[in-house]
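Numbering (this note's numbering), first residue to last: 821 to 1005. Note that CB positions come from ideal geometry on N, CA and C, so glycine has one too. Below: one structure, written as structure tokens.
Structure representation (structure tokens):
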């Protein structure tokens, strides 16, 4: 049962990492098409990374109270919602606000993944192996996200964002229904 649950967790991690990266290949095209400055890609990403950094401790602490799986559900849904706003944005301030919002939730997803492993695996060797496997999944499936986003962007630029929203919602549901409760407080 534990191995099945771990495989479901890894599947959710793969879906999350694909989803978290499908919009990146089309973002410069969106900005260029809307006539925004070439600096917007950096500004938007910086906005996301600032809130990602600032809110990560919050999500780590919250996972002790409501469990990592609940944090993962909330953050995946919040990230998807932020990407909906990103897809609807047409001005520089709207893109910055959308990215600030996605950063709040995106960071929580990555924190929730780590806290779940730390909270559910007591054996330090197995915990290290699971963290390594998760980091590998993150790297490999992030690259797949870029590939898929680029291919979808060739069909229709915003299709990458639509698929991203769906994948993030799916990941949140898999995390919530496939992982066990690990709240510690």
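Item to check | Environment of residue 959 [buried if 16+ CB atoms lie within 10 Å] | outcome: Numbered from 1 along the chain shown, position 139 holds the residue referred to as residue 959. By the neighbour-count criterion, in which a residue is buried when 16 or more other Cβ atoms sit within 10 angstroms of its Cβ, residue 959 is exposed.
Checklist entry - In terms of residues, what are the limits of the alpha helix (DSSP H) holding residue 963? => result Here residue 963 is taken as the residue at index 143 of the chain shown, counted from 1. Unbroken alpha helix (DSSP H) run through residue 963: 944 to 975.
Next on the checklist: Give me, in chain order, the residues of the same chain whose beta-carbon lies closer than 6 Å to that of residue 897; leave out the 5 immediate sequence neighbours on both sides.
Outcome noted: As a working mapping, residue 897 is identified with position 77 in the chain shown. Sequence-distant partners of residue 897 (beyond 5 residues in either direction) whose C-beta falls short of 6 Å from its own C-beta, in its chain, are 992.
Next on the checklist: The alpha helix (DSSP H) that contains residue 992, what's its start and end?
Outcome noted: As a first step, residue 992 must be located in the chain shown, where it is residue number 172. 979 to 998 is the span of the alpha helix (DSSP H), which, as asked, contains residue 992.
Checklist entry - In its own chain, which residues sit with a C-beta less than 7 Å from the C-beta of residue 878, not counting the 5 before and 5 after it? => result Translated into positions along the chain shown, residue 878 becomes position 58. Nothing meets the Cβ criterion.
Next on the checklist: Following a CB-centred definition, is residue 894 positioned closer than 7 Å to any heavy atom of the ligand ZN?
Outcome noted: No copy of the ligand ZN appears in this structure; indeed no ligand is present at all.
Checklist entry - In terms of alpha-carbon separation, which member of 984, 880, 931, 882 lies closest to residue 954? => result Counting from one through the chain shown, the residue named residue 954 turns up at place 134. Comparing Cα-Cα distances from residue 954 to each of 984, 880, 931, 882, the minimum goes to 931.
Item to check | Buried/exposed call for residue 889, threshold 16 Cβ in 10 Å | outcome: Here the question's residue 889 lines up with position 69 in the chain shown. Buried, because 16 or more other Cβ atoms sit within 10 Å of the Cβ of residue 889.
Checklist entry - Is it right to say residue 995 is buried, meaning 16 or more other beta carbons lie within 10 angstroms of its own, or is it exposed? => result Looking up residue 995 in the chain shown gives position 175. Residue 995 comes out buried.
Checklist entry - Quick check: the region 967 to 979 against the region 838 to 850, are there 3 or more CB pairs under 8 Å? => result yes
Next on the checklist: Give me, in chain order, the residues of the same chain whose beta-carbon lies closer than 7 Å to that of residue 1004; leave out the 5 immediate sequence neighbours on both sides.
Outcome noted: Along the chain shown, one-based indexing puts residue 1004 at 184. Around residue 1004: 884, 939.
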